[in-house]
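J.: Numbering (the working numbering), first residue to last: 763 to 871.
Glycine included, every Cβ here is placed at the ideal spot set by N, Cα and C.
Small disclaimer: the values here were computed from a predicted structure and weren't measured.
1) For the beta strand (DSSP E) containing residue 813, name the first residue and the last one.
2) Please report the Cβ distance between residue 821 and residue 864, rounded to the nearest whole angstrom; I am assuming they are in contact, meaning their Cβ atoms lie under 8 Å.
3) Nearest CA to the CA of residue 786: which residue from 866, 868, 857?
4) Taking 8 Å as the cut-off, decide whether the C-beta atoms of residue 813 and residue 801 are in contact.
5) Between which two residues does the beta strand (DSSP E) carrying residue 851 extend?
6) Quick check on the DSSP output: the alpha helix (DSSP H) that includes residue 766 runs from which residue to which?
7) For residue 839, which of helix, strand or coil comes out of DSSP?
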């Protein structure tokens with residue numbers, strides 16, 4: 763399974779729609795995700811020993827989302843993601859959604 767598929771299937775365990783970059787539905791809660799950077803790392807003799815991926819997911823919700831944040835962190839950790847960071851939450855007046863960005867990393871060796 764590639765990292766992109768792992769991100770999607772992991773976030774789908776939270777029970778809300780998950781789409782890459784854009785969601786066109788009408789759910790009260792949904793998640794979008796995107797790759798931020800993929801870079802070679804762990805070099806030896808000018809050869810990369812691993813690739814580190816940084817992803818960003820955006821949780822959008824019109825209802826209480828605190829439990830969802832905690833569950834997101836749990837399922838991401840269980841799937842092998844690390845460096846999980848929640849950025850400042852905002853309320854988007856134009857859509858009525860709370861927006862909670864989260865960044866996380868994954869290492870492919």
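T.: So, from the data block:
1) 809-823
2) 7 Å
3) 857
4) A contact, by the Cβ cut-off of 8 Å.
5) Where residue 851 is concerned, there is no enclosing beta strand (DSSP E), given that its DSSP letter is neither H nor E.
6) Counting along the chain, residue 766 sits inside the alpha helix (DSSP H) bounded by residues 765-774.
7) helix
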